[in-house]
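Engineer: Numbering (this note's numbering), first residue to last: 10 to 237.
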Ligand code: CTP
Ligand code: MG
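1) At a cut-off of 6 Å, is residue 26 close to ligand 2 when judged by its beta-carbon and the heavy atoms of the ligand?
2) What residue from 106, 115, 142 has the CA that sits closest to residue 96's CA?
3) Note down the Cα distance separating residue 132 from residue 172, rounded to an integer number of angstroms.
4) May I ask whether a heavy atom of ligand 2 can be found less than 6 Å away from the beta carbon of residue 20?
5) May I ask which residues mark the beginning and end of the alpha helix (DSSP H) holding residue 174?
6) Decide if residue 10 is buried, meaning its Cβ has at least 16 other Cβ atoms within 10 Å, or exposed.
7) Cβ of residue 258 within 6 Å of any heavy atom in ligand 1?
8) For residue 123, which option in 88, 57, 140, 91 has the closest C-alpha, if you only look at C-alpha atoms?
9) Quick check on residue 218: does DSSP put it in helix, strand or coil?
10) Could you check where the alpha helix (DSSP H) with residue 129 kicks off and where it finishes?
11) Which residues mark the beginning and the end of the alpha helix (DSSP H) in which residue 73 is found?
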């Protein structure tokens, strides 16, 4: 099926505190955005890529796409206030020719093309599919630094990106969320609210999300190992 990719890279990276937007912070010599562009460039049969960036960073994002050797059209747009706003804006720019969209956070530089393809294949089959990993640690609910409860971790997964959906379904989910004033931290949540099925594609812990300075340190170590 024809697929558009969306890379959301419009966040400010306030928890990383790098003094510049997170997607433009370098890891192993290239920006986080460049890592995701290179992964997407390796996908077969992709129609286009839409990238959201902080206002004013559009030219820089186009330059990154050129450096990544993208051969398909790359559309760059300023993102919105919340991640959900950025996805909605990007979705509105995807071609109506696309049957599927696959969304990825620039904050996850180690997602593999194979993981993207597994999500796309699963979404083509069932409507929606997201990368996720089973929760390994025991979970505690904490109030005022004291444990209030231990949560059974059976069946719990940590949601990641990529996340892939039928394009019309995701547009519908975003429109309804907006009308109802619902904000979610991922796209699957909005599709689940419509009562639609979303499959899990088991990913690897390597697909970590860079949020804090210590995440970036860990990622630098991994990037150096992968470069060997
Ligand atoms: N994102 C976006 N538009 C926003 C907010 C976030 O496109 N308005 C993107 C980020 O660039 C990132 C992904 O969504 O690739 C996940 O967001 P997060 O990890 O929270 O990144 P930031 O919002 O940049 O970080 P922080 O919350 O620490 O400011
Ligand atoms: Mg954020």
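Glycine included, every Cβ here is placed at the ideal spot set by N, Cα and C.
Structural biologist: Looking at the coordinates:
1) no
2) 115
3) Straight-line Cα distance between these residues: approximately 9 Å.
4) For ligand 2, at least one heavy atom lies less than 6 Å from the Cβ of residue 20.
5) Careful: residue 174 lies outside any alpha helix (DSSP H), inside the beta strand (DSSP E) at 166 to 175.
6) exposed
7) Since the displayed the chain opens at 10 and closes at 237, residue 258 lies outside it and no answer follows.
8) 140
9) Correct three-state label for residue 218: coil.
10) 122 to 135
11) 67 to 76
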